[in-house]
Structure formats: structure tokens, C-alpha cells
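Visitor:
Protein chains: 4
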Amino acid sequence: MPPMHEIAHLAHVELRTPVLDQSVEFFTQYLGLTVTGSAGDAVYLRTWDDYENVSIKLVAHPTSGVGRTNLRATGPDALDRRVKEIEASGHGVGWQDGDPGYGPTYVFTDPDGHEFGLYYESEWYTPPAELRPSLKNQAQAYPARGASVRRLDHINFLGAEPVVNRDFMRDVLGAMVSEQIQLDDGTIAAAWTTFTNKSYDTVYTRDWTGSRGRLHHIAFATDTREDILRAADIALEQGVFIETGPHKHAIQQTFFLYVYEPGGNRVELCNAGSRLVLAPDWRTVTWTEAERAKGQAWGLQTIESFHTHGTPPVALDDAEPVTVEQDPIEGSVW
Amino acid sequence: MPPMHEIAHLAHVELRTPVLDQSVEFFTQYLGLTVTGSAGDAVYLRTWDDYENVSIKLVAHPTSGVGRTNLRATGPDALDRRVKEIEASGHGVGWQDGDPGYGPTYVFTDPDGHEFGLYYESEWYTPPAELRPSLKNQAQAYPARGASVRRLDHINFLGAEPVVNRDFMRDVLGAMVSEQIQLDDGTIAAAWTTFTNKSYDTVYTRDWTGSRGRLHHIAFATDTREDILRAADIALEQGVFIETGPHKHAIQQTFFLYVYEPGGNRVELCNAGSRLVLAPDWRTVTWTEAERAKGQAWGLQTIESFHTHGTPPVALDDAEPVTVEQDPIEGSVW
Amino acid sequence: MPPMHEIAHLAHVELRTPVLDQSVEFFTQYLGLTVTGSAGDAVYLRTWDDYENVSIKLVAHPTSGVGRTNLRATGPDALDRRVKEIEASGHGVGWQDGDPGYGPTYVFTDPDGHEFGLYYESEWYTPPAELRPSLKNQAQAYPARGASVRRLDHINFLGAEPVVNRDFMRDVLGAMVSEQIQLDDGTIAAAWTTFTNKSYDTVYTRDWTGSRGRLHHIAFATDTREDILRAADIALEQGVFIETGPHKHAIQQTFFLYVYEPGGNRVELCNAGSRLVLAPDWRTVTWTEAERAKGQAWGLQTIESFHTHGTPPVALDDAEPVTVEQDPIEGSVW
Amino acid sequence: MPPMHEIAHLAHVELRTPVLDQSVEFFTQYLGLTVTGSAGDAVYLRTWDDYENVSIKLVAHPTSGVGRTNLRATGPDALDRRVKEIEASGHGVGWQDGDPGYGPTYVFTDPDGHEFGLYYESEWYTPPAELRPSLKNQAQAYPARGASVRRLDHINFLGAEPVVNRDFMRDVLGAMVSEQIQLDDGTIAAAWTTFTNKSYDTVYTRDWTGSRGRLHHIAFATDTREDILRAADIALEQGVFIETGPHKHAIQQTFFLYVYEPGGNRVELCNAGSRLVLAPDWRTVTWTEAERAKGQAWGLQTIESFHTHGTPPVALDDAEPVTVEQDPIEGSVW
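Top line first, the protein sequences correspond to chains A, B, C and D.
Under our numbering, residues 858 to 1191 are what the first sequence spells out, in order.
Under our numbering, residues 858 to 1191 are what the second sequence spells out, in order.
Under our numbering, residues 858 to 1191 are what the third sequence spells out, in order.
Under our numbering, residues 858 to 1191 are what the fourth sequence spells out, in order.
1) Using C-beta distances below 8 Å, list every residue in its chain close to A896 of chain D, excluding the 5 sequence neighbours before and after it, in chain order.
2) Work out the CA separation of N1054 of chain A and R929 of chain B for me, nearest whole Å.
3) Please list the terminal residues of the continuous alpha helix (DSSP H) segment that includes K1055 of chain B.
4) Given that a residue counts as buried once 16 or more other Cβ atoms are within 10 Å of its Cβ, and exposed if not, what is Q953 of chain A?
5) If you reduce the DSSP assignment to three classes, tell me which class N1022 of chain C lands in.
6) Going by DSSP, what residues sit across from R1027 of chain B in a beta bridge?
7) For the region 1121-1158 of chain C, list the alpha helix (DSSP H) runs that are entirely contained and at least 4 residues long, ordered along the chain.
8) Is it the case that the Cβ atoms of T891 of chain A and Q997 of chain A are separated by a distance below 8 Å?
9) Which word fits E980 of chain A, buried or exposed, when buried means at least 16 other C-beta atoms lie within 10 angstroms of its C-beta?
10) Would Y1115 of chain C and H1164 of chain C qualify as a contact pair, given that the criterion is a beta-carbon distance under 8 Å?
11) Which value, in whole angstroms, describes the spacing of the CA atoms of H971 of chain A and N910 of chain D?
12) Tell me, which residues are paired with I1075 of chain C by DSSP?
13) For K914 of chain C, which three-state DSSP category applies?
14) Which residues in chain A sit within 8 Å of S991 of chain D, going by Cβ to Cβ distance?
15) So is A865 of chain B buried or exposed if we call it buried at 16+ other beta carbons inside 10 Å?
16) Of the choices C:Y959, C:I1099, C:V916, C:F1014, whose alpha-carbon is the least far from that of D1235 of chain C?
17) Where DSSP assigns a beta bridge to L872 of chain B, which residues make up the other side?
18) Report the neighbours of R1002 of chain D on chain A: residues whose CB is nearer than 8 Å to its CB, in chain order.
19) Residues in the same chain with beta-carbon distance under 6 Å from I1099 of chain C, minus the five sequence neighbours each way, listed in chain order, please.
20) Relative to chain A, which residues along the region 1073-1088 of chain D have a C-beta separation below 7 Å, given in chain order?
21) Indicate the three-state DSSP secondary structure (helix, strand or coil) for I1099 of chain B in the structure shown.
22) DSSP beta-bridge partners for G895 of chain A?
23) Go through its chain and collect everything with a Cβ distance to V1097 of chain C's Cβ below 6 Å, but skip five positions before and after it.
24) Does chain C have any CB closer than 8 Å to the CB of A1154 of chain A?
25) Roughly how many angstroms separate the alpha carbons of T1079 of chain B and H1166 of chain C, rounded to a whole number?
26) Determine, for V1090 of chain C, whether the minimum Cβ-Cβ distance to residues of chain B falls below 8 Å.
27) Would you call the region 938-953 of chain B and the region 1044-1053 of chain B in contact, with 3 or more CB pairs under 8 Å?
28) In terms of DSSP beta bridges, what is E1036 of chain C paired with?
29) Could you check what DSSP says for H971 of chain A in three-state terms: helix, strand or coil?
30) I want to see whether chain B comes within less than 8 Å of A998 of chain C, judged by CB atoms only; does it?
31) Which residues mark the beginning and the end of the beta strand (DSSP E) in which R939 of chain D is found?
32) Would you mind working out which of D:E1118, D:T920, D:P860 sits nearest D934 of chain D, comparing C-alpha positions?
33) Would you report the Cα separation of T1107 of chain B and S1035 of chain B, rounded to the nearest angstrom?
34) List the DSSP bridge partners of W981 of chain C.
35) Leaving aside the five residues before and after D1184 of chain A along the sequence, list all residues of the same chain whose C-beta is less than 7 Å from its C-beta, in chain order.
36) In chain order, what residues of the same chain have a beta carbon less than 8 Å from the beta carbon of T874 of chain B, not counting five sequence neighbours either side?
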């Protein structure tokens, strides 16, 4: 039986961008995040409701893509237990200093090669006077700037073999598989896993190029669906590229808007209403090809780029492309 | 250290009503619940997103008030461990058959005398054809009738000594104390505790009458704050008594509407937006008298009946009233 | 100069359906209208905020499509003046009895052949006891059933030559042309006209089949965009066909959802937020082909059926089809 | 019969403030208006959806209060006709230059002494490049800053005798009286009048001090009720004083939030959903004392300051106070 409740939640994610200043502008003026510091090529940003110091670490880099994804353990013992299991799995890298404000971090990779950090010690965020919230049960003042997203919600990785990564998350880290897509030939094309009562925290989607270690998107939660409609209005005004949405996913029923930040990474604004997964014996919902062919919840067909755009971009000569025959549901993965 | 993650969530609650038919009408036509069955004096009802069979068990009774509050354990081992601890605490009653669709239930009381049931085995709800949802990751079709609340959210008990019950929830059941009110003399006037990533599942509020075992309210979650505004419109049209709201609590930041069902029990419709408590080392937020004197988040003063109305009603001659001196924040507990 | 403020508003519309019972079910259970009476093959229905007796007159008919569209004059003198102008235009038919609850109605057609009725005398709706609203400034109790749309909002006609109908509405009836689409060759492909501070009441869109007298859609207003998102959830649950949306039109900025009622007629649920046209010298906004090629406000491409589905259906052999060369913006009219 | 449709809409209002800089900060950072210019002691500001240049003219002044309230005529002839009627009424002052961007303005007062300006000529607003909207049917880019209110909505004047001012608006300017409060002794305590399809543009409320020429509040419209809830969150964060709300008025059913700007003037954020007054023969809704005693739509009791706070403040020695006997509904006027 998998170990449950050893990972508390998805924590700050390192994003790479070839246009750091423009990306910082996007995260602060469009999404409404706050810069909390910088060091070398890195700029640290946070949403107003994350209790730790950092939600996103933006790093100047020749390409777009995702760097280290951090997870917080539920306690020091849970951290030790997970590190032992990760080492046993052969994916461990070793202990490193955490980002500023974070304690020792155990670095590892998922089977696809995405880098992760696992830690427990964390300084809670202390806002400066001008960002102090009016209500003491809130981390930081509500910014009322741009989309003003509440918190980092989830990360969606592209991967060569979602099933292997799904099993790693479940068996080594203790995630629950809440939903997945299974093709007619049995292949798992995508899997949604959760460490919390949210219905998903990490997702693996098959990379049609066969590449490893890429990012599909990171997502931020808003309080309402209306917040996302307004975020679409703001994207239009600010010249932020809208890829698709707003609409409602059939899978997980998430209300979504997908945009690209200037560095090229896809960013989702998402809202689940009050939907939670509270059942300890949740039954994985498996979607078939036929079911996925129906499109999104209200009938929107999935946009083509949703299946072709990942970061960093890959030169297709170097990639192992999945043929159409191998990817029959290309038109409607989510 | 308290045991964490042994209780999965608050489950169905038994409510007593002297006017069963009218109460059923309220729960189905105003809140939008569905009747799933009845047995003797009991009618079973469910919200559209609860995955188990029952959200509320309405029971004909000479008075209003709360009967058994059920909790689901996270697994059979967790159930066994908690039963042992409850027995050790001296509050155990014993094993009983569960409600229809539920397995063996261990009955106990909190120190205040409210009855609880703890179980693990549970049949998942299977909707009849006419209530089958269009999306397979949903328990039941959305009713589009009345307020159409999503799920049971929390229960707020009145109790003679909140601190004792708070400690029982924390030390015996493994709840986390997310927020509380502490008077200047050190008394805990109210405490919010959670088993999940929701910021509270059960609450204890000091009963000004000094009575034991009473109910302050049960609450149902909606997806948006707008749903609650509309629920207020509908209450007005249907003649449902609105006690206070809609407004936003400072404590927990819950957007709320309080109404009375015809039997006299207070029912809250609540929305937390996307606020969750994800920190494994959450620091209990303690509100002082001075802070509470500011009223609700946006300044609404708490309505008097919020401090005097509990169910069942008590004859004050039989109660041990708290004097004004003992209850200096009577005007603004939430 | 055109006569202004002689038409008060768009009033009840007669819709034809080959499946009357199913259409009544759709209007009452999905949209939330109330049946107020029936006579022969006609069923009268109303939204909760229309102050007159009827919003929609559903009529059993071999095909779908639109019958008489009614307009209320601002007064008896305005009615007389408009009738004279209509007669002078050669489109008059003559005086007839109005529908039950309505006074003498002058029947005429637009240049495309759609039938209209113009009247002034109207009994205000008096709700029966069970539908009496709690607030006396409201026509009828809020139904809290299905989408619960507030009022009839606008009608969109298909027509062979939108420009001719636009000019008729403007010059004979006194409408203001708020927005329009002009193709590169100068053709007006669609025109939005208003009698009120709403930004449009009647619309003419070019019928690609070259047919006359057909309907593109009728629309009902909701209070919020969230109401429309919820209406999409309900459509999914009730098996109502969603053609496209929810999304936001670039033209008029209307937030929309398009569904088909069982008879085949397209119905829009729409919301304009608090957008009004208050300028007495409003400057018609003219959209070019290049601008329309950008799709809807947030980038949604217009669904193909939006350009091919009108009611009643036409046998293309009998129609005068517009060639692709003549209709270069077929992919993105709205 | 009163002249209808000669006034197009309420236009820009001059507000006086003893703390000009702080008031500008409130209007730009909290409400989200844009400064378009300044001249001497005046700063001109606009909302993003007003099509003219100015929504509010803030003027440095020893006290708070309202200066000139502008109305736009529907055309040059309507302007001439209204000026003749105003002169005939004895309330005319004479022609003056308008504010920058506005043509000749006829200045007059209402019977209570509030100053008005009536004009027709108006330059439409042309945004600079950085404020250009993405959609050409919008006046200015959506600011996404603070509450981002859409447009000036209405003005509520305090007056010694509402009925006299009501009749002036109706008989001289052509307003329609949509709702009013009539005390048991026949006195009109408040009257709501409209020039448009909005259910009110100007309101007169009895000044309990007996003073003349004071302001109760000015109001700005948002697109949704949720926008107003969020505006309350932002007020809390920014230290803006919330007087009452959010809640729903029974009269006019307006969803409201009342705050004070730093100069002391009361400002309302309001939303009517899609409620419009379309009936040309609208029947004035008259509320009785008994009906008003029920409080607001969902039961909120009116806050005391709602009846005592007006601008500029008056020294009560100089005022003619209304006695309690004369003002039996003091606790619940709206």
C-alpha cells in the first residue's frame, strides 16, 4: 500500500525564460505576483496566499522550460522516509541547500528526468509593512493588480511515458491517482495525481515528440470562475497571448484559461469551485478515447497547439515523434 | 504529537426536527438536496457532490437539534487506532450498525455530550438513471433547483467549554486547530478544527446558556460567492428566514449566509473561494477580544440572535446562563 | 433625421416548433420560464422579469422558425406616427387583434419578409399568489429552476440583404445602428440596431442560403456571466445541445452561450454586464473583414454551424446559395 | 405630459474635497479611474467605459460636497427646449463655457439649490496609445487596478423637500419617477428618477438636518455583484472606510457597497444585474413606512450614519433638524 500524507503539497517551481524582464513583468502585472527578491539570474515571486516565501523562481536561461519543482514533506520523519524510498528507487541525486528561506532539500528526478526538490524546513513569509494584510489569517495583502491569482495550484509535465511517472508519484511519493486517460491499446496517455484534498497537484501528459523533461504548463488558482473571465479580459488588454479558454475541462471539471508567458511557457489560470476529493478510497476515474473525443465539458474542441506546444521547444529532428497512429486522441487529450 | 490524517472527513449528520415534512421541503426545494430514502421517522437526503449515500439524516423529534455526527476514518487501521484512543478517553459508547449504506460504526460522544459515529466502510452512491451525471467524475446530476448546494461543509457545535472539546478533537481524533478566539481572561470562546485541507470541519462555540450538546449550525458549501447571493434572493422568494448575511467572516474568511430551516435549526451556506490550509505546520490563528470587536471582515456587526439561538431551545430556568461579565465579546463572536 | 424613441422595446416573439411539448419543457425546465396560458396550438410563456404577460409564444408548426415579432410603441401617438410611416414604406399589412392581454396590433413585415406587430396597449402581468414576488418592484417571483433567465433580450434575423433591413429599422422605426460588419466590397454582412439603452435589440445577419424570413436566434438576458457558466453546466446535465460558448463576442462584447431548443431554433443566453449605450450621438462601430478574422474576443473561432444553421431549415436546391467568393468572412461573422 | 427623452444621461459630476491628493489617490488606486488632466484646483478623472472625457471633476475646496452635476441633452433642439423650460421655472442661471472637452453649458439649480449644467456638444474621449482598448467598441483599456468600476451610474442628493425636486426633474427635465418612499403622513421621503432605461439616474433623499444643496452619495457601476464583493476585499486591504454593505437594496434591488472617499464624500459601488426599466408606462413603485421597516432586501438593517452623514457636514446649530416624530422611518430609508 502506498504511503499517504507524506507530501504536504506542491511548493515553488523554477521556471526558465530567455526573456527574464518580460517574464517578470507578466508575473507581476498580469498575474499579480509580488517580487520578493533576486539573486544572480534568479527572481523570486510569490502569490498573495502562499504561506511560504516563494511561489515561482524565474531564472534567465537560453530556453524556456521547467527547472526544479519543489514539494514540501509533512514533517521531518516523512521527509526521511521519502528520501530513503527515493534513493531506493534509483532516482535520488542528493542533499542541497534550499532556496533562500528554505531548509535542506533533497534533490531527485522523476523517471522522465524532471528535477524535484523535497524539503520540510521552511520559513513562513513575513510581509513588509506595505504588503501586510488586513486580516491576520492571510499571508499578504490582496494586490488588486491584474488577475491577482491566489496560489500556485498544480504542474503539468510532458513525459515520454506517463504511466511510469504516475507510478513513481504513487508508489514512491504516496500520491493518489485521481483521474487518467487510457487509450484503447491500454496506454496511459495522461495521469492526474494528488497529495492533498485538491483533485490534482501534479499531472503527466504524454509528450508527442517523445522528448523527456519538458513542461506542459503550471497553473494558478483563482477564487471564482468570474475571476478567470476577467483574467481573459485583462489578457486581451495587456496583449497576453490566450491559447484557449475560458472553458471547463471534462477531466477534473476545472474551469480554465491558458496563456503563454513571454518566455514561452504555458500558464493556466484555474478554478475548481468547491470541488475536493475527500474520499480516502477515491476510485480513479479512467477516461476512454471515445469519451475524450467529445471534447471539453461544454463541447469546446481542444486547440491543436495544446498537443504540440511544450517547453523548451524541441527540434523535431532530434525528437522521436509519435505518429498519428500512435496518438489517436491527439485532438482531445484534456 | 497528535495523530494526523486518521479522519478523512466530516460525513453525514443527523438533524432533528419537529416539522419533518416542512424540513424535507426546505432541504429539497431550497437547498436542492435529493431524498434517497426513508425509514421510520428518518428521511435521508444528499447533496449532488457528496460521494456517499447520505449528507443529512432528518429525524422527526419533539425538538430541533443535532443527533449523531458521523466521521469517516481514512482506513480500517486508522479506524481501529482511533477507537482505541476514544475508548481510552472514556468517551466511547460502542459499536453499532451504521445507517443504510454504511458499515459498522463506533459510537462515542465529545466531552460536551454531542454524539458521534466513526466508521470506515461505506457504499459509494449510485445514482438512478434520472439522476446520472453527464460527467463521470461527478456523483450525481446537478439539480438546478433552489440553491443547489454542492456538499456538506462543516458543523458548528455549541458547547459549555470549547477548549475541552477542541483538545479532544485534536488529541484523540487528530484534528488541527486552525483558528480560535481567546478572551482576555484566557478562555477559549470558540475553536475551529480541521481533518482536511479545508480550513475547518468542526467548530466549538461557547454556549452562553451553559447547556451541553446543542447545535449552532450545519453548513453547506457552494461553488461561488455569487451562488450565495443568489441563495439569498431565493430565500427571500421562498419565505426562508434569513438570520444574517451574506457577508464575509473575518475568522476563516468564509463568505456566509445564515438561514433557519423550518424545524428551527440554523443552516449556513458558505464559500471559501480557493482558500485551503496546505501547511503541515499551520500556526493556529488566535483572535483577541479587541480584534473581534471590529465585527465581520467588511464591518457587519454580528446579529444578536447569533449568540442566543441554538438548537434545541433551552428553558433558561434550567440553564446556567453566562453573565455579561463572563461573555464580554457577546456582540461579535464570529 | 430618423425618429428616435418611438419604439419602447422588443416585446414577445412567436416561435414555431414541430415538437411543441418538448419545446415547452425546454423553456420551462431549462430556461426557467413560466407557462401563463395556452390557446389552440399556442402556449404562452414568460420570464420572471418581463412586465408584460408574454415573452415567448410557442406555436406548433410543421417546421421551426420565427412567427410574429412584437414591438411596443412608447405611446399612442408614437404608434400612430410609426404606422403611417410603415404604410408609406409599403410594408404594412393592417390592424389585428393582439395576443391575449395586448391591444390592437399593427402587423407589417420588414423588407426581408419577417412578420412584426406594433402595439401600445398592454395589460401588465399580475402574478397568481404562488408566483408573487417578495419585492414589489419585481414582476414575478424568481423561479430558481434551470437557468432562470431574466428577460427576453434581442432577436437576430437572417436576411438576404442586411443593409436594407438595417435602413428600414433605422429610417422607419427609429432604431440606432450601434455596430455592423462591412465586407471589403462594401457589403453590410450584419447590422445591430437598438431602440433602447441596450446596445442592441434587433440584428440582421446575411443568410448564406439567400433565403428570406429566417431566424438566426432569440436571446435571453441573465444577470451575470456566472449565470451563463452555470447554464452551460445545466445544459450538459439536461442534455440540451450546446452549439458554442460560453465565450465573449468581440462585437458588442456580449458574453454568450448558444443552445438549440428541441424544435431546432437557436437560443442564446447573453450577458452584457453593465454595458449600455448612453450616447445620443453614438458612432456606429464598423468591423472590417480583417478585424473579424481574429475570431471572438478571447480568440475562439466561430463554429461552422453558426453560419449554416438557421430556422426553418431550407432545402438548398430551393435556396440561392451565396458562393464562398461572396462570403469571405464565413468563418467569423460574429 | 412631461417631455421624455430630452436628457440623454447623467454626465460628469464635480466633487469637492479638502484633501485633493488623497481623494485623487482613492479614485485612481481604489476605484481604478484615470486622471485625464488638471487645471488649477481641479483634477479630471474618468472611468474606462464612459465615452466622454470626464466622469468626475475633483476640486480642492475647504469642505466636501458636490459642485456642478452635468446632464447631456439628447440633441441641440432638446437642449434649447429644456433651457426654455428651466428659464420659465425660475431656476436658470445662464450659459457658461463647459469643462475642457465640453461645449456651451447652461447652468441652473434644482429647487434645493444643487447646481446643474446642461449641454449637448461633447468631444468623445480619445485614449492615448497606452490606454487604447483592444476592442474598438470600448472607450479605454480596462485598468485591472483596484475596483475598476465601469461607469458613473447615479447621484443621490440630500434635499429639504424631495417632492419638489422630484417634480422639477419630472416636469422640467422629463425624468420618470421609478420608485419613491411615502411616509404615512403623505410626505415623499425619497424619490428615484430616471432619464434612461436604467431604473434611476438621480435621487432625492430628505436631509434630516433640513439643510439644502448637500450630497448623499455618487455611485459607480460594476459589471457583476462579485466585482462589488471583491471591491469590499480591496477596501479592507487599502484602508478605505466601508460604511455598509455589500448587500442588496429592496428599493431598486441594487446590490451595493458604500465607502467614504478621503474627502468625506460617500461613494457607492452598485450593480443592477440586467435589470432595466423598459416599460414606457412604468408605474411608480411607492414604498410605505411599514414596508421600509423590513430593512434591506435580505434583512440588513440600515446603518445609522446612512441617515446622518451627508456632505458637506453641517453644524447642527445652523440646521433645522427634523424631529423623530417627523422622521419615523429614520432607521430604514433605503
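All C-beta atoms, glycine included, are put in the ideal place defined by N, C-alpha and C.
Quantities reported herein were computed from a predicted structural model and do not represent experimental measurements.
Guide: Per the coordinate set shown:
1) Taken in chain order, the residues that qualify are P957.
2) R929 of chain B and N1054 of chain A: Cα-Cα distance of roughly 15 Å.
3) Here K1055 of chain B belongs to no alpha helix (DSSP H), and DSSP marks it neither H nor E.
4) Exposed: under 16 other Cβ atoms inside 10 Å.
5) Helix at N1022 of chain C.
6) In the DSSP output, where bridge partners are listed per residue, R1027 of chain B has none listed.
7) Entirely contained in the region 1121-1158 of chain C, the alpha helix (DSSP H) runs reaching 4 residues are, in chain order, 1146-1149.
8) Yes, Cβ-Cβ distance for T891 of chain A and Q997 of chain A is below 8 Å.
9) With fewer than 16 Cβ atoms within 10 Å of its Cβ, E980 of chain A is classed as exposed.
10) It is not a contact, given that the beta carbons lie outside the stated cut-off.
11) Between the alpha carbons of H971 of chain A and N910 of chain D lies a distance of about 54 Å.
12) BP columns for I1075 of chain C point to C:I1012, C:V1124.
13) Strand.
14) Result: L1093, E1094, G1096.
15) Under this definition A865 of chain B is a buried residue.
16) Residue 1235 of chain C lies beyond the range of chain C shown here (858 to 1191); nothing can be said about it.
17) BP columns for L872 of chain B point to B:L915, B:V923.
18) The contacting residues are A1001, R1002.
19) Residues of the same chain with a CB within less than 6 Å of the CB of I1099 of chain C, apart from the 5 flanking positions on each side, are A1092, V1116 in chain order.
20) Of all residues in the region 1073-1088 of chain D, the ones placed with a Cβ closer than 7 Å to any Cβ belonging to chain A are T1081, E1083, in chain order.
21) Strand, per DSSP.
22) The sequence given here places Ser at residue 895 of chain A; Gly does not occur at that position. For S895 of chain A, which the question treats as bridged, DSSP gives the partners A:V900.
23) Closer than 6 Å at the Cβ level, and outside the excluded window around V1097 of chain C, lie Y887, V1116.
24) Taking Cβ atoms only, chain C reaches closer than 8 Å to A1154 of chain A, which makes this a yes.
25) If you take the alpha carbons of T1079 of chain B and H1166 of chain C, they lie about 37 Å apart.
26) Checking the displayed sequence, the identity of residue 1090 of chain C turns out to be Asp instead of Val. At least one beta carbon of chain B lies nearer than 8 Å to the beta carbon of D1090 of chain C.
27) Segments in contact, no.
28) Its beta-bridge partners are C:W1049, C:V1142.
29) Of the three classes helix, strand and coil, the one that applies to H971 of chain A here is coil, per DSSP.
30) Cβ-Cβ to chain B under 8 Å: yes for A998 of chain C.
31) Here R939 of chain D belongs to no beta strand (DSSP E); instead the alpha helix (DSSP H) covers 933-946.
32) Among D:E1118, D:T920, D:P860, the Cα nearest to that of D934 of chain D is on D:P860.
33) It is worth fixing the name first, because residue 1107 of chain B is Ala in this sequence and not Thr. For A1107 of chain B and S1035 of chain B, the gap between their C-alpha atoms comes out near 13 Å.
34) W981 of chain C is bridged to C:E909.
35) At D1184 of chain A, the pLDDT of 36 sits below 50, so the modelled position is not reliable and the matter cannot be decided from this model.
36) So the list reads S880, L915, V916, A917, H918, S921, E1118, P1119, G1120, G1121, N1122, once near-sequence residues are dropped.
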